[in-house]
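Okay, structure first, notes after.
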Amino acid sequence: MSLALLRKEAHEHGAVLAATFLIALAALYVLLQAASWTGGRFVGLARYLLTIAPLLGLVLANRLLVREYTGRTQFFLETLPIGRARAFVTKWLLGCALMLLTAVLAWLASWEFVRRSEVIDAAGARAALLCAATFCLTVWSFAALAGMLGRYRYIVWGAVALALLIATDVGGIAFFDLPVITLLGPAMQMAVATPKRLAFVVALAIAAGCAAGAAALALAGSGAMASTLARRMTAREVVFAVVALLAVATVAFTLEPKPVRPPFDLIEGERFDGKWVSVGVRPAAAFDSAAALALAKDIANDADSLIDALRLDVHPPVYVLPQRGLDREVMQRAALGEADGIVLKVAVDAPRENVRMLVLHSLVSDATLDRAMKDDRHVLLDGLASYWALRGDEHARELWWLRAAAVDEPLPKERLLAWSETSERLGDCKALGVAFGVFDALAARVGLDAALALSREIFTKPPDDARVLFERRPAAALAAAGVDWDRLAADAAAARDAARERHAADLARRPAVTASVAWHASAARGAAIETTLTGAPRYAAYYRVLSPWTTDAGDMPRLDVIGTHGVLPLSAPRAARVLAVLEVDDPVLDCANRVLAERLQVADRAR
Amino acid sequence: MDDAIRLTDLEVRYGRVRALDGLSLAVPRGEIYGFLGRNGAGKTTTLRVLMGIVRADGGTIELNGKPMKRVSVATKRGIGYVSQEQSFYPWMTPRQLGRFVAAFYPSWDDAEFERLLRVLDIPADRRTGQLSGGTRTKVGLALALAPRPPLLLLDEPTTGLDPVARREFDDWVVAMAAERGITVFLSSHHVDEVEAVATRVGIIQAGRARIEGRVDDLRRRVRRVRALEPLEPPPGFARVRGDVWQADPEAWDAAVWPEGAAVDTLPLEEIFLAFARTDAPAAAAA
């Protein structure tokens, strides 16, 4: 030790270190307060040591060791009659003493804080102090070693942080089972026991190794090693370090096993266990057990066969709750949070093929982590799900062709690739008909096997990491199968034309309906939005105020209008955008036919 | 005459580079020794070995008659050192620096340090980071002299100084050396500076001493021979480079030259150039 050097360090770094300690003290106070709510005797101390001690070690190493080299004052020091080793030991011991002092003070503060509300025996408290001191010693030892690596010190810190992350996330090692960190584990936090002797031995061995490494760097080559390392990183080194860390992080997160969501348990209703999927359907009034079981079987068969066809690795349980009082068209999927599965709430009289289609839609959507709902493939998802639910049922297929034929506007590929907008305008009934027609046209063009092979490629489970950037786009997959979007849109249009001819008589029976929506300034409510529909005795109006970021309006409030005119029961602020949708029951299409969907821009100033 | 410094076959390697390759020289006590060499010749490495900053890989060091493998901390207390770069703590004033450095020297003389601050016109209470290069060099000199060391090592201390500051510094070194009778080892590549200050000169090239001696002695030993026809050095003479030859003064006096030949004495700069060029053949130091 050199007293002169200690005095110099105190003079040089006193202000910065005092400020650092004050910040650390404030952090300790906050952590102790927070920990008092969560219980645990030395939880606050453990959190403080895990977060603040490494930062403190970094600051101390930077001030005491790194600065001497980067400021080139190390050379001046070496011209004085003080050995290089003595100077290094003085600084190392000073840093170590400050770290240990921090640990002891934090422990004392924690103990005082906890003793207000709990009784802690002295042995438990002493064990906590021992753990804290050993942890701080190891952290300082590592910080000193990293500091002696000069310009690479932050890389070393980053690498250690990454290694800890990989050990916990990829290796599956519990955080408090990691070497050194285990000292601050539950035993220390609860002050109930001293960690195993091996934990101390490992920590002290690491500390000794780091100290020896730091000393070697300080003394090797007459100190030339440390001086060389202290130079600034070259641009090439910076790029290499960043790329290396990113590469390791990418690999680590690629390897990271994603949490498996357990399936929910089917405990009531009629249950049918398929090859891959178990389905439960709850009977209800006007929906007896036999009907429930039949629906469960149909759903299970649909799901099993589609899973086989697309070779999906999913086995979600499915549960359907038919409810009275729901609109026939309404089908809602429950959000399950941490559990895996598909739960649908539907009307008792909901069309069976729609329920089956929605299950298949949910199945593929979940299997692809929702990437099947991207606009560049969503029409194919809707089409596949509809096609699969309707397979073998010529009557239902013709009904859906009829719905597709009811769309008399051209739908080029641009409309198919902006599917969320197109289906919003057409409504579920006609949009699903169109989608069904598109997939049917695809199957007709390339054959069902090839269409399914294409679907396998498009609706595969994507990697949940950076590799997803390199997935093949649907357009490329279609082109590889010998069909492009233009051709597919043309084939689908031709098939709709053919269906229009087949069903000309039915289509002619449909009532002619005209609809409009307009807003006007209202003295009482700002802007009032009025709907008008002629050709039907009643209609349903759906509405929603849109935010600038809304793309899919989702479920909307409904207003039933008897007669021609209606006023939406909402007070739209000025400059708001409002989606207004009008639907009428169409007995020919056997569904709610959307006759208007308009996004209104309410003017900033009243008209 | 006993030597303050005697280096024998000193070797220092930085990886594959031989910074010192069998350097041998002797600096008599009380002399101002000018150590001349080009950049990279090994001057700074030699001084760092003498300061114990760099460890020698081979050879022996003798300081004040005491042989050693490496300069110890105790020995360093008897050496003053001024480097070519004054890397002081920028937040310290010269006075604070003095207090800091004093703790490492039992022989530190506070009064002398204060006197040197005054005499060298150093602002004692201004941070060294705010001082000019010349003033920082003077601070270095004051710090080196305040412990009253018998040996002063100067490693190109005037590099980067303007001519006036350089002359002032050199005058101070000469005055201090005369006043205290200390040995000064001055490394430089400024021949004029060495010629003005030094009593003895050594020339180093590629880690080896090429020649050393008093300045007038060197001028008597190394001369230029001009002749109408190319001449080969006779026995006792060695070609340094081109028409510059080296021999004992007596050999020069006794030599008989062909008609038309002329022998010129050379300024120190010419002698330095002849020895310091990298393609100069190795010639044994006389």
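Sequence lines, in order, name chains A and B.
Each residue of the first sequence is one higher than the last, beginning at 1 in this note's numbering.
Each residue of the second sequence is one higher than the last, beginning at 1 in this note's numbering.
Ideal Cβ placement from N, Cα and C applies to all residues, glycine included.
These figures come from a predicted structure and were not determined experimentally.
Is the beta carbon of residue i less than 7 Å from the beta carbon of residue j?
| i | j | result |
| --- | --- | --- |
| residue 20 (chain A) | residue 66 (chain A) | no |
| residue 91 (chain A) | residue 56 (chain A) | no |
| residue 137 (chain B) | residue 157 (chain B) | yes |
| residue 442 (chain A) | residue 451 (chain A) | yes |
| residue 212 (chain B) | residue 25 (chain B) | yes |
| residue 368 (chain A) | residue 253 (chain A) | no |
| residue 75 (chain A) | residue 87 (chain B) | yes |
| residue 322 (chain A) | residue 348 (chain A) | yes |
| residue 20 (chain B) | residue 207 (chain B) | yes |
| residue 281 (chain A) | residue 270 (chain A) | yes |
| residue 134 (chain B) | residue 175 (chain B) | no |
| residue 434 (chain A) | residue 519 (chain A) | no |
| residue 27 (chain B) | residue 185 (chain B) | yes |
| residue 245 (chain B) | residue 233 (chain B) | yes |
| residue 144 (chain A) | residue 214 (chain A) | yes |
| residue 32 (chain B) | residue 225 (chain B) | no |
| residue 37 (chain B) | residue 43 (chain B) | yes |
| residue 534 (chain A) | residue 516 (chain A) | no |
| residue 195 (chain A) | residue 187 (chain A) | yes |
| residue 421 (chain A) | residue 390 (chain A) | no |
| residue 500 (chain A) | residue 405 (chain A) | yes |
| residue 219 (chain A) | residue 85 (chain A) | yes |
| residue 147 (chain A) | residue 245 (chain A) | no |
| residue 649 (chain A) | residue 104 (chain B) | In this structure chain A extends from 1 to 607, so residue 649 (chain A) is not present and cannot be described. |
| residue 454 (chain A) | residue 490 (chain A) | no |
| residue 230 (chain A) | residue 150 (chain A) | yes |
| residue 49 (chain B) | residue 56 (chain B) | yes |
From the options, pick the residue whose C-alpha is nearest to that of residue i; which is it?
| i | options | result |
| --- | --- | --- |
| residue 251 (chain A) | A:84, A:454 and A:162 | A:162 |
| residue 95 (chain B) | B:207, B:127, B:179 and B:119 | B:127 |
| residue 149 (chain B) | B:112, B:267, B:162 and B:165 | B:112 |
| residue 338 (chain A) | A:299, A:264, A:409 and A:349 | A:264 |
| residue 496 (chain A) | A:447, A:218 and A:408 | A:408 |
| residue 127 (chain A) | A:189, A:149 and A:179 | A:189 |
| residue 612 (chain A) | A:570, A:112, A:585 and A:155 | The first residue shown for chain A is 1 and the last is 607, placing residue 612 (chain A) beyond what the model contains. |
| residue 49 (chain A) | A:416, A:184 and A:179 | A:184 |
| residue 360 (chain A) | A:394, A:329, A:319 and A:592 | A:319 |
| residue 11 (chain B) | B:242, B:259 and B:70 | B:70 |
| residue 562 (chain A) | A:228, A:536 and A:575 | A:536 |
| residue 268 (chain B) | B:100, B:218 and B:16 | B:218 |
| residue 103 (chain A) | A:51, A:88 and A:89 | A:51 |
| residue 121 (chain B) | B:141, B:247 and B:64 | B:141 |
| residue 109 (chain B) | B:89, B:77 and B:129 | B:77 |
| residue 385 (chain A) | A:418, A:332, A:307 and A:444 | A:307 |
| residue 600 (chain A) | A:590, A:583, A:593 and A:572 | A:572 |
Could you work out which residues of chain B lie near residue i, taking near to mean beta carbons separated by less than 8 Å?
| i | result |
| --- | --- |
| residue 8 (chain A) | 89 and 100 |
| residue 73 (chain A) | 87, 88 and 89 |
I want to verify the contact list: residues of chain B whose CB lies under 7 Å from the CB of residue i, in sequence order.
| i | result |
| --- | --- |
| residue 83 (chain A) | 73 |
Using a C-beta to C-beta distance shorter than 7 Å, which residues of chain A count as neighbours of residue i?
| i | result |
| --- | --- |
| residue 104 (chain B) | 4, 80, 81 and 82 |
| residue 76 (chain B) | 81 |
Under 8 Å Cβ-Cβ, which residues of chain A neighbour residue i?
| i | result |
| --- | --- |
| residue 16 (chain B) | Neighbours of residue 16 (chain B) on chain A: none; closest Cβ ~14 Å, over 8 Å. |
Can you name the residues of chain A whose CB is closer than 9 Å to the CB of residue i?
| i | result |
| --- | --- |
| residue 33 (chain B) | What residue 33 (chain B) touches in chain A: nothing, since even the nearest Cβ is about 19 Å away. |
| residue 187 (chain B) | Those within 9 Å of residue 187 (chain B) in chain A number zero; the least Cβ separation is about 14 Å. |
| residue 83 (chain B) | 75, 76 and 79 |
task: Taking only beta carbons into account, state which residues of the region 11-39 of chain A come closer than 7 Å to chain B, listed in chain order.
output: 12
field: beta strand (DSSP E) runs contained entirely in the region 522-583 of chain A, provided each spans 3 or more residues
entry: 526-534, 538-546, 558-562 and 565-567
task: Mind checking the region 43-64 of chain B against chain A and listing, in chain order, the residues whose C-beta falls within less than 7 Å of any C-beta there?
output: 51, 53, 54 and 55
task: Note down, one range per segment and in chain order, each beta strand (DSSP E) of at least 3 residues found wholly within the region 389-443 of chain A.
output: Whole beta strand (DSSP E) segments, 3+ residues: zero.
- prompt: Which parts of the region 317-386 of chain A are runs of the beta strand (DSSP E), unbroken and 3 residues or longer, counting only runs that do not cross its ends?
  reply: 318-323, 331-333 and 342-347
- request: Would you mind listing the beta strand (DSSP E) stretches within the region 4-50 of chain B that are 3+ residues and don't spill past its ends, in chain order?
  value: 17-28 and 32-37
query: Going along the chain, which unbroken runs of the beta strand (DSSP E) with 3 or more residues stay wholly within the region 143-211 of chain B?
result: 151-155, 183-188 and 200-205
Whole beta strand (DSSP E) elements within the region 282-322 of chain A, 3-residue minimum: none
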